[in-house]
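Sequential numbering from 386 applies to the sequence shown in my numbering.
Written below as structure tokens is the structure these notes are about.
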Amino acid sequence: MADPGTESEPKTDAAFRAEVREWLADNLSGDFAEIRGVGGPGSEHEAFEARRAWDRHLAAHGWTCIGWPREYGGRGLSLAQQVIFHEEYARADAPARVNHLGEELLGPTLIAFGTDAQKQRFLPKIRAVEELWCQGYSEPGAGSDLAAVSTKARLVSTGTTTRSGSTDKQAWAVDGQKVWTSLAHLADWCFVIARTEPGSQRHQGLSFLLVPMDQDGVDVRPIEQLTGTSEFNEVFFSDARTDADLVVGEPGQGWRVAMGLLGFERGVSTIGQQVGFARELAGVVELAKENGAFADPVIFDRLAAAQVGLEVMRANVLRTLAENLSDRTIDRGQDNIAKLVWAGWHKNLGALAMDVLGAAGLVAQDSPRHLDTWQRRYLFTRADTIYGGSDEIQRNILAERVLGLPREPKGASK
Ligand SMILES: Cc1cc2nc3c(=O)[nH]c(=O)nc-3n(C[C@H](O)[C@H](O)[C@H](O)COP(=O)(O)OP(=O)(O)OC[C@H]3O[C@@H](n4cnc5c(N)ncnc54)[C@H](O)[C@@H]3O)c2cc1C
Numbered sequence: 386m387a388d389p390g391t392e393s394e395p396k397t398d399a400a401f402r403a404e405v406r407e408w409l410a411d412n413l414s415g416d417f418a419e420i421r422g423v424g425g426p427g428s429e430h431e432a433f434e435a436r437r438a439w440d441r442h443l444a445a446h447g448w449t450c451i452g453w454p455r456e457y458g459g460r461g462l463s464l465a466q467q468v469i470f471h472e473e474y475a476r477a478d479a480p481a482r483v484n485h486l487g488e489e490l491l492g493p494t495l496i497a498f499g500t501d502a503q504k505q506r507f508l509p510k511i512r513a514v515e516e517l518w519c520q521g522y523s524e525p526g527a528g529s530d531l532a533a534v535s536t537k538a539r540l541v542s543t544g545t546t547t548r549s550g551s552t553d554k555q556a557w558a559v560d561g562q563k564v565w566t567s568l569a570h571l572a573d574w575c576f577v578i579a580r581t582e583p584g585s586q587r588h589q590g591l592s593f594l595l596v597p598m599d600q601d602g603v604d605v606r607p608i609e610q611l612t613g614t615s616e617f618n619e620v621f622f623s624d625a626r627t628d629a630d631l632v633v634g635e636p637g638q639g640w641r642v643a644m645g646l647l648g649f650e651r652g653v654s655t656i657g658q659q660v661g662f663a664r665e666l667a668g669v670v671e672l673a674k675e676n677g678a679f680a681d682p683v684i685f686d687r688l689a690a691a692q693v694g695l696e697v698m699r700a701n702v703l704r705t706l707a708e709n710l711s712d713r714t715i716d717r718g719q720d721n722i723a724k725l726v727w728a729g730w731h732k733n734l735g736a737l738a739m740d741v742l743g744a745a746g747l748v749a750q751d752s753p754r755h756l757d758t759w760q761r762r763y764l765f766t767r768a769d770t771i772y773g774g775s776d777e778i779q780r781n782i783l784a785e786r787v788l789g790l791p792r793e794p795k796g797a798s799k
């Protein structure tokens, strides 16, 4: 098969689907066959190194960053073909990817807002899965109200050559704390929102900085989650340094960049996930058939309702896709609605799986922390309606931006 990155003629969707399916079938073999279905919500700790090797294998064959423009190492695929890729990926039971934050969030943000030097420095290593990223937005006093960020950064003189070899004699010195930072313990870099203009208020005076994790000034402390594992962390910055030119957008104008990134987080990057959801629901139905739980009319009803919800999400994805393809300026809060719908559906599915399992779902395996996939998934789905913007925040956005209702009063600035 030709290297996908070198093709000049676009393929039809059907031919593209066949190509993806064949490639995955051929390549999820040997050692990689063992990591089919591994990782994912509640199981991010599973086989991390093997999954990273798999991601690098994908990269070597042109299957990472497929939506990025070709000039930045992507394949410039249409939204429709990106969805096809995700569908086939889920159908093949391929392992959960390790660099979602770099590929789906930071990469598109750098393409939209970064300098040429930043693009050249970072995009190839994201594409090749050589550098992993984490997201330094939330703080103990700034979650939903992100504009309350209090982590600070200031330009200081270094008098030394910087990490990237530039002769810039200035660097950002970062002080503060982030929290709930997913995968910070594995990441090489963190994109950090910090206040760079002393005395500035809320959205003003913030900057979007790229900070290396491997330095004395960065302390990562894992937070033990309900699952007993630690997908996220506290991150403390104490005079942590990064090069002066590693600010995305203008210093003090980071809010625009930060919001641009959230658009990528709630948009295309979630579009393929409903196929994974379909497989999860099929698993719950199988469980119900095996243990007879479907005979309970309430369970029967909930399974049917879950199927209806799945079809609604699928129809919504296709509609959004069609709209995006014909007119990218339409904004009726589709990303916010999609987040609300999938988060609620998935959280309910986690609870449904537990009810299908019945008493067995309440019992751990051979030790209190040895949970099975359904138990882990149930616990992790409790977070679906929180991360990426909570349900309440999505509703606020819809009320204010789409319905035009008066803005809610904001708390006093800290
Ligand atoms: C699994 C997981 C992974 C995460 N990963 C990351 C990460 O990698 N990087 C990162 O920066 N952050 C991450 N987060 C943090 C996440 O973005 C925040 O948890 C989220 O923004 C909510 O902020 P908070 O936890 O501070 O809650 P708060 O903002 O304190 O909210 C508490 C409750 O009040 C409600 N609420 C708050 N304000 C309003 C309002 N104005 N109107 C109505 N209701 C309101 C909220 O909906 C919520 O129910 C992660 C969170 C989870 C659960």
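Note that beta-carbon positions come from the ideal geometry of N, C-alpha and C, so glycine has one too.
- Exposure of D624 is indicated by the presence of fewer than 16 other C-beta atoms within 10 angstroms of its C-beta.
- For W408, the three-state secondary structure derived from DSSP is helix.
- The alpha carbon of R460 has as its nearest neighbour, out of G521, K396, M598, L517, the alpha carbon of K396.
- In the DSSP assignment, F765 is bridged to no other residue.
- Under DSSP, L540 forms a beta bridge with W557.
- Distances from the alpha-carbon of D769 to those of R539, L725, P791, E793 put L725 closest.
- For T770, no alpha helix (DSSP H) encloses it, and the DSSP letter there is neither H nor E.
- A residue is called buried when at least 16 other Cβ atoms come within 10 angstroms of its Cβ; E488 meets this threshold and is buried.
- Here Y763 has G735, A736, A738, M739 as same chain residues with Cβ atoms under 7 Å from its own Cβ, once five neighbours each way along the sequence are excluded.
- With contacts defined by Cβ atoms closer than 7 Å, G452 and L462 form a contacting pair.
- Burial state of S414 is exposed, judged by a 10 Å Cβ sphere holding fewer than 16 other Cβ atoms.
- Using a cutoff of 6 Å, the CB of F593 does not count as near ligand 1, since none of the ligand's heavy atoms is closer than that.
- F417 and T705 have their alpha carbons spaced roughly 34 Å apart.
- Using a C-beta cut-off of 8 Å, the stretch 618-634 makes contact with the stretch 554-572, since at least three inter-stretch Cβ pairs fall below that distance.
- Not one heavy atom of ligand 1 is found less than 6 Å from the C-beta of T612.
- Look at the stretch 422-454 and you find these whole runs of alpha helix (DSSP H), each 4 residues long or longer: 433-445.
- V670 is positioned such that its CB atom lies closer than 7 Å to that of L688.
- Membership of D776 in the alpha helix (DSSP H) is indicated by the continuous run 776-782.
- Nearest in C-alpha terms to G718, of all of S752, G774, I782, is I782.
- Assigned with DSSP and collapsed to three states, W518 falls in strand.
- Taking the Cα positions, R441 is about 17 Å away from D478.
- Inter-residue distance for V534 and F576 is about 14 Å (C-alpha atoms, whole angstroms).
- The beta-bridge partner set that DSSP reports for K563 consists of V620.
- Between L508 and the set G492, P791, D530, the nearest pair of CA atoms involves G492.
- Only buried fits F401, as 16 or more other CB atoms lie within 10 angstroms of its CB.
- Counting along the chain, I722 sits inside the alpha helix (DSSP H) bounded by residues 719-742.
- Judged by the Cβ position, S529 qualifies as a neighbour of ligand 1 at the 6 Å threshold, a heavy atom of the ligand being closer than this.
- By the beta-carbon neighbour count (other beta carbons within 10 angstroms, threshold 16), N721 is buried.
- Distance from the CA of W439 to the CA of S615, rounded to the nearest whole angstrom, comes to 22 Å.
- In the DSSP assignment, L464 falls within the unbroken alpha helix (DSSP H) covering 464-476.
- P607 and H570 have their alpha carbons spaced roughly 7 Å apart.
- Put simply, the stretch 471-486 touches the stretch 514-522. At least three CB pairs are less than 8 Å apart.
- Residue pairing by DSSP puts F576 in a beta bridge opposite Q520, L595.
- Per DSSP, P607 is one residue of the beta strand (DSSP E) stretching across 603-607.
- In the three-state reduction of the DSSP assignment, T705 falls in the helix class, which pools H, G and I.
- Counting the other CB atoms within 10 Å of its CB gives D599 a total below 16, which places it among the exposed residues.
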